[in-house]
Amino acid sequence: MFRNNYDNDSVTFSPQGRIFQVEYAQEAVKQGSVVVGIVSKTHAVLAALKRNAEDLSSYQKKIIPIDAHYGIALAGLASDARVLSNFMKQQSLSSRLTYDRAISLAEITARIGHRAQVNTQHYGKRPYGVGLLIAGVDAKGPHLFEFQPSGVTQEMVACGIGARSQMARTYLERNLDHFEGSSRVELVKHALRALKDSLSQGRELTVDNTSVGVAGISEDFKLYEGQDIASWLDATFENREEGEEGESMEVDT
Amino acid sequence: MFRNNYDNDSVTFSPQGRIFQVEYAQEAVKQGSVVVGIVSKTHAVLAALKRNAEDLSSYQKKIIPIDAHYGIALAGLASDARVLSNFMKQQSLSSRLTYDRAISLAEITARIGHRAQVNTQHYGKRPYGVGLLIAGVDAKGPHLFEFQPSGVTQEMVACGIGARSQMARTYLERNLDHFEGSSRVELVKHALRALKDSLSQGRELTVDNTSVGVAGISEDFKLYEGQDIASWLDATFENREEGEEGESMEVDT
Amino acid sequence: MFRNNYDNDSVTFSPQGRIFQVEYAQEAVKQGSVVVGIVSKTHAVLAALKRNAEDLSSYQKKIIPIDAHYGIALAGLASDARVLSNFMKQQSLSSRLTYDRAISLAEITARIGHRAQVNTQHYGKRPYGVGLLIAGVDAKGPHLFEFQPSGVTQEMVACGIGARSQMARTYLERNLDHFEGSSRVELVKHALRALKDSLSQGRELTVDNTSVGVAGISEDFKLYEGQDIASWLDATFENREEGEEGESMEVDT
Amino acid sequence: MFRNNYDNDSVTFSPQGRIFQVEYAQEAVKQGSVVVGIVSKTHAVLAALKRNAEDLSSYQKKIIPIDAHYGIALAGLASDARVLSNFMKQQSLSSRLTYDRAISLAEITARIGHRAQVNTQHYGKRPYGVGLLIAGVDAKGPHLFEFQPSGVTQEMVACGIGARSQMARTYLERNLDHFEGSSRVELVKHALRALKDSLSQGRELTVDNTSVGVAGISEDFKLYEGQDIASWLDATFENREEGEEGESMEVDT
Amino acid sequence: MFRNNYDNDSVTFSPQGRIFQVEYAQEAVKQGSVVVGIVSKTHAVLAALKRNAEDLSSYQKKIIPIDAHYGIALAGLASDARVLSNFMKQQSLSSRLTYDRAISLAEITARIGHRAQVNTQHYGKRPYGVGLLIAGVDAKGPHLFEFQPSGVTQEMVACGIGARSQMARTYLERNLDHFEGSSRVELVKHALRALKDSLSQGRELTVDNTSVGVAGISEDFKLYEGQDIASWLDATFENREEGEEGESMEVDT
Amino acid sequence: MFRNNYDNDSVTFSPQGRIFQVEYAQEAVKQGSVVVGIVSKTHAVLAALKRNAEDLSSYQKKIIPIDAHYGIALAGLASDARVLSNFMKQQSLSSRLTYDRAISLAEITARIGHRAQVNTQHYGKRPYGVGLLIAGVDAKGPHLFEFQPSGVTQEMVACGIGARSQMARTYLERNLDHFEGSSRVELVKHALRALKDSLSQGRELTVDNTSVGVAGISEDFKLYEGQDIASWLDATFENREEGEEGESMEVDT
Amino acid sequence: MFRNNYDNDSVTFSPQGRIFQVEYAQEAVKQGSVVVGIVSKTHAVLAALKRNAEDLSSYQKKIIPIDAHYGIALAGLASDARVLSNFMKQQSLSSRLTYDRAISLAEITARIGHRAQVNTQHYGKRPYGVGLLIAGVDAKGPHLFEFQPSGVTQEMVACGIGARSQMARTYLERNLDHFEGSSRVELVKHALRALKDSLSQGRELTVDNTSVGVAGISEDFKLYEGQDIASWLDATFENREEGEEGESMEVDT
C-alpha cells in the first residue's frame, strides 16, 4: 500500500522536491466554483459562477470589491478568502491614508503572496486554501493578477481558476489575441463565454448564478449581479437553447 | 482497513484539498438540537428546540440575547457558544460605548467568522464546535446570518442547523417566497413549523421544549419561553393530535 | 482491534464531532464519591459522601465554602478542584473589594466555565477532571449550578454527580415538584435521601462519611460535619435497620 | 499485546478518566525508603529509614528541616524533593519577612500542592516524583500533612509513604486512637514501631539507618540522627533479638 | 521496503551525516527551468529559459534586477525566490542609504546564505526551495555567485542551475578558458549557447522563452526580453534549422 | 520484541515510576574514564585516569580547578562538563565579588543539582550526560560531593565514578575507616590505589595518564600532572612489575 | 530488522548513554575533504585539500582567516562553518575593540564549543555538521585546537579531520616528536605530507587543490594558494612521479 510520508505539513520536501501540502491546498481551489478574469488596454473584468441559487442564502460572495480601483474573485475556502480580502482592504486603505494614492495592483498582490509564502515555510500553519484573481486599474493601467496558495503570483492577460476552469482557460487561450483591443462589453462577453465553457453539461449562466466585476480607466471597480447582468447574458448567449440546469457539485466552503 | 492520515488537525489538507477537522467540527453542530431562523422585511425570528424538559436543569440556553437589537441561536458545543457569545457581547458593548451605535449584524458576524478562521489555520487549536444563527435588526433592517465552524458566514433569508435540520431547511425552501412579506406572527409560525418538521416521529413542540426569539424594526430582540409561547404554539399547530413525545437523542453538550 | 485515533487530546474532533478527551474527563468525575445539591425558594443545600472514614486522614474535603454566600461540592480530581476553588475565592474576594458586593452565582459559574473551556481548545492542556455543584444565595435568591469538565455550566433545581449519582438523580427527578416549597430541614432530608440512594448495597450514611452544606436567605453558607449532622441523619433515616457498611470503591484522587 | 495509548503524558485522560502518568509518578514514591509521620495534641513526629548505611556517603537526607516550626520527610526522587523543599524554604522565609509570622502548615502545603498540580495539566512537564510528609506546629497547633505527586494534599493524623509503607499504615490504623493523647516519647516510639513494621524480614532500625524529626508546642522542629536516637531505639525495641540486616532494595534516587 | 527515518526535517542527520531535507530542497531547484550565468573581466551575464510562452501570463520572472549594479536568476520555488529577492532589495537599499555605497556581491550573497542556513538548523522551518545566481559588478569588478538551498554560496566563473543544467555546465566547463577575456556580446552568446544545450530535443530559444540580464563596468544591470534579445539570438544561432518546440516539463512553481 | 515506550524523554515516568532517560544519562557517565575522590579531616583529593596518552592532543581535562578552594573531576560528556564548570566558575566568582567569601561546596553543589533537575522535568531538554566529583575546602573544612545527571547530589567520604568505578568503590569501602585520619600523602595514595583498581587488566597508572587534584586547610586546590605526580606514583606502586598497558576503551567524548 | 529508536534528535540518550545525532553529525565531518594542522614552538600551520579544481567555481574556502593572529580549517557543512566563522570574527573583533587585545585561542575555541553544546541539548536544533581546526599564535604562543560537532574542543599538537583523515593522523602520530622543534618550512612540509597520505590512490597535491595557512610568532596568519604554494609542494614531493589524479568523492557541501 502506498504511504506518502512527505505530505503532512508544508515544511517537508518530498524526495523529488515537492511540497505536497501546498499542492493539496491548490486542490481546495479546484473545489471552488469557477471564476474568470480578463484584461484589455482599457478595462479589467471578472466573472464568477455562484453557488446554486435555489438555496436559502441571499447571495454568495464570489467577487469582492476591495478598493475603488480594484476587486477580487475567489475560488476555494471562503473563510480564508475573507482573511486575505480584509488584509487587502487594510493595506489599500493604509496606502490612501499614508500616501494619498491607490495602491498598485502589483504591490498589493506581492503582499498577499508574501503573506501566503510564510504559511508554507513555518510548521503549525497551513497554506491558504483559496485562489484569487485580482483585477482593476491603477496608475499603470488595467491589470489582472493571479494568486495561488503557494504564494506564487503572476500578472496574467486572462485567467480562470476553480472547478473545471481548464475549459475556461482553453477558451481564453484560443481568444488571447482579441483581448487587448476589446471594448468593455466585448471583454465582459469573453469572460462570460469562458465561464460558460466551464459549466457542466446542460447548465447555463443566469442572473441568479452569475456575478461580474468591471473596472476601467476612469471607471471604478463595480460588482454587477442579478438584473444588472441580464442584458450582458442575453447579448452573450442570445441564441442559446432553453435547458435544464444540472446539479452543481462544486462549492466554495 | 481505511486509515485517514489527514484528519488529525485543522492545519492539514487532504490530497483532495479538504480539511477534515473542520468538517468533523461541523458534525458537532449536527449533534445539537435543531434551531431555525427566518427574516422578513420587518422582523427576524429564531426558534429552537430545547433539551428534554423532564431533567433537573431549570432551562437550557438555546437562544441567547446579545444586545438590544439582536440575539443568537446555537447548535453544538454549549461551552464554545458561550465563548463566542461573550465575545459578541463585548464587541457589541464596545461599539455602543465607542461609537454610540449598535453594531451592524454583518460586522459582528464577520468578526466571529474571522476569529473562527484563525482556529482552522493554527496548529494546537481546534475549530469551534458550534454553529450559530445571528438574527436581529440593525440600521439596514432585519438580518439573519449563519455562522459555521469553518469560519464561513453568510447572510440567509432563512436557515436551520442542528440535528435533522435538513427537514427544517426543506420546509424553509418550499416556503421561501412567503417570508419577505410575512407579518410578525406569520414569521413565528413559519419558524415553528420548520422546527416541528425536524422533530423525530411522534414528538411535538411544547411550552417546555421550545424557545422563540423575535426582533423587529422598533422592537428589541426578546426571548420567549414557557407560557409566553403557548398562544403561538396553539395557533400554529391548532389541529394537532395528542401524541407521546419520543426520546430525543440529540443534545448540546 | 479497535483503535481510536481521535482521543489523544482535546483539540481533535472525531469524525462524529465528539471530543473524546472531554468525555474521558467526565469519567474522572464519575470516579469521585457522590455529591448532591438541591435548591428551594429559600435555601440551597449540598450533601456529600466522604471517603471511607476509617483511614488516617482527619477529613476529606468534599464541600468547600468559597465565600460567605456560597460553597461548592466536588466529585473527581481533588487537586483540580483546589485550583478552581482558589480561583473562585480570588474572584469572589475581588468582587467584594472592588464593587463591595457578593459575586452572583451565575457570574462566578460562568467564569470557571470559561476557564475550563480554554483547556478544551488549546493543545498541551487537559480538561479539568472534576465536576462541581455551586450552591448558595445571591441578590437574586438561592441558586444551584452544575459545572462540568467540558466547561458547560447550567442552573439546576437539583443535581447529583459522581459515582452512582444516577440513583441520586432518579430520586431527585421523582421529587422535583417538592423542592421549591421545601423548608430548610426538608431540603436537607431530600439531599440526604438522594445521597443515600447512590450508596452501594448495605452502606449507610453516618456522621463520619457525610458532609452537608447549607445557605439560605439571610443565612450564610456553612459546612456541617460530624455530630452537627447527627440529628439530620436520625430524622431522615430514623427507621433504618442496622447494617454493615460495604466497601466503597470510589475515591476522589 | 496490551498497548496503553493513554499513559505517555499527564495531559491525557484514559477512557476511564485516569491520568496514568500521575499514577506512575506515585510509583516513584513507592521506590523510596519508607517514612512515617504522626501527630498528637502537642507534638508532630517524623521518622525515616535511610539508605544502606555501609556506603560511602556521609548521610542521606530523608528528613529536611524547612523552617523553625516544621520539617518534611520525603520518599521518591531526591532531586525533585530538593526543588520542592527549596520552594518551601523561600515561601516560609518570605512569610516571616513580610508578615513576621510563621507560615501555617496548611498554607505551605496548599502552595506545593498547587505547584504540583500545574505539572499535571501542562504538556512538556512531568509530575513531581516524590511524596512528602509535612510535620510541625503552627499557630493552630501540631499538624501533619501528606503531599502526593498528583498535587493532592490532606491533613492526616498519621501517615506512612514509600516502600512497603502499607505495613506502617496498618500499624498506624490499629493504633489510631492512642496518638492524640500520646506524650512526646510515646509518639516517637509509635513512629519507630510503624517504621519497623515496613522493614523487610530480618532488618532492624539502627542509629545508622534511622532519622527522627520532632516538633512540639514551644519546641522547634529538630532532626535527630546517630547517637541522638540511640535511647529511643533502645526504649522502643528493648527486647529485640540480634539479627542480620537484609538487603534494602528501595532507594531514593 | 525501504523506510527512511531521517528525511522528515532539516534538523536530523542520517547515520551517514546527511541532511536529506536539504538535499530534497535541492531537488526543487532541479524542477525549475534552467538559468545560466557567466562572468568576464568586464561583464556579468545571466540567461534564463522562461516557462512555456503560449500560456496566459504576461511573463514569468526568471531574472530579477535587485539593485542598479546586480540582479539574480532563479530556479525553483518562485515564492521562495520572492522572499529572498525582497530581502536582498532591502539590504541593498539599506547599504546605499546608510553607507552611500552599493553593497558588495560577496556581502549580499553571504547574507542570504546565512539566512538560508538558519532554516536548515531550526525545527519547524524548511530550507528555501530555490537556487539563485547572483550576477553584477561591484567595487571589485564583475562577480557571479551561486546560492544553494543549503545556504552554501560560492563565487563562480560560470554556472548553470535548474532542469537539465548539467548540459549547460558541460558547455561552460569546456569553454571555461574563453570567458575571462570575452567581450560583452561574446559573453551573452556563451550564455545562450549553454542555455540552449540544456533544452530538450527539438526545442529552441526564442524571443518569447528567453531572458537575458547584463551588467558591466560602468553599465548598470539590465533585463532584456522579447525583441530586445532578437539580434543576440540571431547572432548566436544564425544557422539553426527551423524546428518544432517540444513540450517543456520543467516549471518554476 | 521488547519495545520500551517510556524511555524517549525525561518527562515520562515508566509504569514502575522510573525515568529512563535519566538512567541512560547515567550510562554516559559510565562511558567516561574513572575518577576518584576522598576527603580527610584536613584534605580533599581527586584522582583521574586520562585518555590514552599516545594520541595527538596535549592533554585531556579530567580535573578542572574552579575556584581557589575547590575543583571538580568529571566522567562523561566533556562538553556538558564545560557548561557546568563555567556555571560553577561564574557562581563562585559572583560569591567572592558580592559577599567577599568563597562559596560553600554544599551551596555550589546544590546549585548545579538544581540546574540539572530542571533538565529532567522539561520537555525538549535532556539531562546532563556527566557525573562530577566536587572536592575542596570551605569555611566548614574539607568536603567531597558527588553530582549525578539526575540532579541528585550528596556529600561523600569517598567516591568513584566512571568506567569500572565499581572496583574503585570497593577499594574505598574497604578502607573507609582510614580516610578521616589520613595525612595528605596517604590520602593521595588511597586515591591512586582506588584508581588503579579500576584499570583493566595489565594497565598501569603513569605520569602521562594520571591527574591528581589536592586541596587542604590553608592549601588552595591545585592540579598535579606529569612529573609532578611521579613521586606519588612511585611511592604508591613502588613494587609494581613492568607491564604493557592495555587498550583503554572508555573515553570522555 | 534493526530499528534505532534513539537517534532522531540530540536530546535523547540511548540505553548505552550515547547521543546518536551527535555521532551522525561527526559523520558529516568525515564527508568533507581532509584538513591538517600542526603546531611547533614558533608556528602553527594548516593545510587543506580543496574540492576538484576542474569545476566552475573560482575557489573553495577550506581555510578561512579569522583575525590577524589566527585562522581555521574546516571539514563538513560549509554553511555551518560560515555561521561559526562569522561568530568567531565578531567575537575576535569585539575583543580587540573592547580590550584592545587579540582574543586567546583557548577562549575563542571555548566559546564555539559552548555554542555548539547548546545545540546538542535543546530540542528543535541540530548539532553543527562541521569540524574545525583553529590555528594561530596568541599571547601564550602558537596553538592548535580541534572543534567537534559535540562541542568538545581540545588543544592538539597535530590533528587531521575529514575524509580519510585517519591516514593523516597516522603520519602525524609517527612524527609527533619532530614537530615542536620544526622550522616554519619543515612544519609546512609535515602538514603537506600528512595531507598527501589521506589522498586516494594516484591523486597528488597540486597548486590547484591545496591550501596552506601559516601563523608564527611575529607573523600574522596568512592563507597561501595557487602559485604561492608551488615551491612548498616541489620541496615536499620533489621526487614524485607524474600521475593521473583520481576522482575525489568527498566534498564539503
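Chains as they are written, first to last, in my numbering: chain A, 45 to 297; chain B, 45 to 297; chain C, 45 to 297; chain D, 45 to 297; chain E, 45 to 297; chain F, 45 to 297; chain G, 45 to 297. The C-beta atom is built at its ideal place from N, Cα and C for all residues, glycine as well.
- A direct Cα-Cα distance of roughly 22 Å separates SER194(D) from VAL196(F).
- Check the Cα spacing between GLN198(B) and each of SER58(B), HIS187(B), SER101(B), GLY206(B): the tightest is with HIS187(B).
- In the DSSP annotation of this structure, the continuous segment of the alpha helix (DSSP H) that includes LEU231(C) starts and ends at 228 to 241.
- Cβ-Cβ distances below 8 Å link GLU224(B) to SER84, LYS85, VAL201 in the same chain, with the five nearest sequence neighbours on each side left out; the list follows chain order.
- Around the beta-carbon of GLU190(B), 16 or more other beta-carbon atoms lie within 10 Å, marking it buried.
- The C-beta of GLN271(G) has fewer than 16 other C-beta atoms within 10 Å across all chains shown, which makes the residue exposed.
- Judged by pairs of C-beta atoms under 8 Å, the region 115 to 126 of chain E does not touch the region 207 to 223 of chain A, as fewer than three such pairs exist.
- Taking a contact as a CB-CB distance under 8 Å, the pair VAL66(B) and SER54(B) counts as one, their CB atoms being some 6 Å apart.
- Apart from the 5 residues on each side of it in sequence, VAL251(C) sits with its Cβ closer than 7 Å to the Cβ of GLY270, GLN271, ILE273, ALA274, LEU277 in its chain, given in chain order.
- DSSP places LYS184(A) outside both helix and strand once states are collapsed to three, so it counts as coil.
- The region 140 to 153 of chain C and the region 163 to 172 of chain C do not touch, with fewer than three beta-carbon pairs separated by less than 8 Å.
- Chain-order list of chain G residues neighbouring HIS158(E): SER123, ARG126, VAL127, ASN130, by C-beta distance under 9 Å.
- Exposed is the label assigned to GLN210(A), since fewer than 16 other Cβ atoms lie within 10 Å of its Cβ.
- Taking C-beta separations shorter than 8 Å and ignoring five residues to either side along the sequence, the partners of LEU137(B) in its chain run ASP111, following chain order.
- At a cut-off of 9 Å between beta carbons, ASN48(F) contacts chain G.
- The shortest CA-to-CA distance from ASP241(C) to any of GLN75(C), HIS222(C), SER227(C), ILE205(C) is the one to ILE205(C).
- Cβ-Cβ distances below 8 Å link ASP124(B) to TYR172, GLY173, VAL174 in the same chain, with the five nearest sequence neighbours on each side left out; the list follows chain order.
- Taking 9 Å as the cut-off, the beta carbon of GLN161(A) is found closer than this to the beta carbon of ARG126(E).
- From the beta-carbon of SER58(A), the residues of chain E found nearer than 7 Å are TYR68.
- For LYS74(C), the enclosing alpha helix (DSSP H) covers residues 64 to 74.
- Straight-line measurement puts the Cα of TYR68(A) at about 30 Å from the Cα of LEU121(B).
- About 13 Å separates the CB atoms of ALA92(B) and ILE82(B); that is not less than 8 Å, and the two are not in contact.
- In chain order, GLY115, GLY257, PHE265, LYS266, LEU267 place their CB closer than 8 Å to the CB of PRO109(C), counting only its own chain and leaving out the 5 sequence neighbours on each side.
- Assigned with DSSP and collapsed to three states, PHE281(C) falls in coil, not helix or strand.
- Taking the C-beta atoms as reference points, ALA88(F) is found nearer than 9 Å to ALA259(F).
- By the Cβ-count criterion, ILE63(G) is buried, with 16 or more other Cβ atoms from all chains shown falling within 10 Å of its own Cβ.
- When Cβ-Cβ separations below 9 Å define contact, HIS234(G) makes no contact with chain F.
- For GLU151(G), the enclosing alpha helix (DSSP H) stretches over residues 149 to 162.
- Per DSSP, reduced to three states, the secondary structure at GLN104(E) is coil, with no helix or strand assignment.
- In this structure, DSSP gives ILE273(B) a helical state, which the three-state scheme calls helix.
- Closest by C-alpha distance to THR164(D), out of ALA238(D), VAL232(D), GLN192(D), HIS222(D), is GLN192(D).
- Contact of GLU71(F) with chain G by beta-carbon distance below 9 Å involves PHE57, SER58, PRO59, GLN60, GLY61, ARG62.
- The residues VAL78, VAL80, GLY204, ALA238, LEU239, ASP241, SER242, in chain order, have a CB closer than 8 Å to that of ALA212(D) in the same chain once the five nearest residues on each side in sequence are set aside.
- Of the other Cβ atoms in all chains shown, 16 or more fall within 10 Å of the Cβ of ARG95(C); this residue is therefore buried.
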